[in-house]
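What follows is a set of notes on a single structure, which appears directly below.
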Amino acid sequence: MQELKDIKIGQPAQRALNESGIVSLDQLCNFSEKELLALHGIGPKATRILKEVLQNEGLSFKK
33 MQELKDIKIG QPAQRALNES GIVSLDQLCN FSEKELLALH GIGPKATRIL KEVLQNEGLS
93 FKK
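Sequential numbering of the sequence shown, starting at 33, is according to the numbering used here.
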């Protein structure tokens, strides 16, 4: 399973995830796209990339 730190998203998005304590894909699944977009530094591009990575692992954002 890929680690969040290895995913190619921008530094602001990476920092926002780290500061929110989100360091794994399993933790990322506990958040909806809307909740992630509310974090300063996370935008539509980052959520699109993260969604793709989750789908490749058979996972998804919280509904």
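Using N, Cα and C, we set each Cβ at its ideal position, and we do this for glycine too.
From a predicted model like this one, the values you see are computed outputs, not experimental measurements.
Limits of the unbroken alpha helix (DSSP H) element including residue i
i   : result
G68 : Rather than Gly, the amino acid found at residue 68 in this sequence is Leu. Unbroken alpha helix (DSSP H) run through L68: 65–69.
N88 : 76–88
L57 : 57–60
Distance, residue j Cα to residue i Cα
i   : j   : result
I63 : K94 : Contrary to the premise, residue 63 reads as Phe rather than Ile in this sequence. About 5 Å.
Q34 : E51 : 19 Å
Residue i - DSSP class collapsed to helix/strand/coil
i   : result
K40 : coil
E35 : coil
L91 : coil
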